[in-house]
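All remarks here apply to the structure that follows.
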Amino acid sequence: AQTVTQSQPEMSVQEAETVTLSCTYDTSESNYYLFWYKQPPSRQMILVIRQEAYKQQNATENRFSVNFQKAAKSFSLKISDSQLGDTAMYFCAFMKLILTGGGNKLTFGTGTQLKVEL
Amino acid sequence: DAGVIQSPRHEVTEMGQEVTLRCKPISGHNSLFWYRQTMMRGLELLIYFNNNVPIDDSGMPEDRFSAKMPNASFSTLKIQPSEPRDSAVYFCASSFGGLGEQYFGPGTRLTVT
């Protein structure tokens, strides 16, 4: 079974600064995807970024980027130029890759509550 | 395009009553997931369907919970009888294929008194 660990329950950052959220995972699989989801106070789960394990290049989406260290089983999220709207709970998630059929379940970490301050 | 639609958004019911949560996945998506979120247990998968067929229901807590997907555009999660410990936010998510991102609905906040 896969496990996902987010060791930072809460973090804060000043507006316009950069912050990094940590995530580690444990799996015996070699093919998988990793995700970061954001859950603002509206409680809507929003996909932030995705990383395929077979890709060495780190994924980026505008101000969001990841540092994927496969050997260390580490998958951190960096938010640059933090904005007030980034205030949310951030969840790291693991998905095992299944090439046939569909519907692969996500295993979530416990989340990191990020607060962006003026 | 409309996202995943869930109804109701809020449900308050008394212990022992039947509760039915509804979900309409994104058109064209062939996989549907039901998750539950609580403070104690975080986000946990209850059940998921692929092409309307239940694939993994190992997360369903007990026989009081049941889920159906009669067609590609509709799914229900039923709790009968409900108990206070079922109080949680229930999310539905859908995806296309095994490699697709999951898109979540707005959730249903269930309170059982």
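So the protein lines, in turn, are chains A and B. First residue of the first sequence? That's -11 in my numbering, and the numbers climb one at a time after it. First residue of the second sequence? That's 2 in my numbering, and the numbers climb one at a time after it. C-beta: ideal position from N, C-alpha, C; glycine also.
Consult DSSP for residue i and reduce its assignment to one of helix, strand or coil.
i: L85/A; result: coil
i: P71/B; result: strand
i: G73/A; result: helix
i: R37/B; result: strand
i: R38/A; result: strand
i: D57/B; result: strand
i: D64/B; result: coil
i: R86/B; result: helix
i: N55/A; result: strand
i: Q101/A; result: strand
i: L106/A; result: coil
i: S68/A; result: coil
i: G29/B; result: coil
i: F1/B; result: Because residue 1/B is not part of the residues shown, which for chain B are 2 to 114, the question remains open.
Under 7 Å between beta-carbons, which chain A residues line up against residue i? List them in chain order, please.
i: L22/B; result: Those within 7 Å of L22/B in chain A number zero; the least Cβ separation is about 15 Å.
Along chain B, which residues have their Cβ under 9 Å away from the Cβ of residue i?
i: G99/A; result: G43, L44
i: L94/A; result: F34, Y36, L44, L46, A94, Q103
i: R38/A; result: E102
Using the beta-carbon of each residue, which ones in chain B are nearer than 7 Å to residue i?
i: M33/A; result: F92, F105
For residue i, count neighbouring Cβ atoms within 10 angstroms of its own Cβ and tell me buried if that reaches 16, exposed if not.
i: T112/B; result: exposed
i: H30/B; result: buried
i: D104/B; result: The sequence given here has Tyr at residue 104/B, not Asp. So Y104/B ends up on the buried side.
i: S32/B; result: buried
i: K43/A; result: exposed
i: V104/A; result: buried
i: D87/B; result: buried
i: I116/A; result: Residue coverage of chain A in this structure runs from -11 to 106, which leaves residue 116/A outside it and unanswerable.
i: N1/B; result: Past the boundaries of the shown model lies residue 1/B; chain B is included only from 2 to 114, so the question cannot be answered.
i: T109/B; result: buried
Listing by chain order, which chain A residues have their CB less than 9 Å from the CB of residue i?
i: G108/B; result: R31, Q32, M33
With residue i and residue j assumed to form a contact (beta carbons below 8 Å), what rounded beta-carbon distance in angstroms separates them?
i: C11/A; j: G97/A; result: 6 Å
i: V5/B; j: A94/B; result: 6 Å
i: A47/A; j: Q57/A; result: Contact doesn't hold; Cβ gap of about 13 Å is too wide.
i: D57/B; j: K93/A; result: 6 Å
i: S83/B; j: V20/B; result: 5 Å
i: L65/A; j: I37/A; result: 7 Å
i: T100/A; j: Y78/A; result: 5 Å
i: F92/B; j: Y36/B; result: 4 Å
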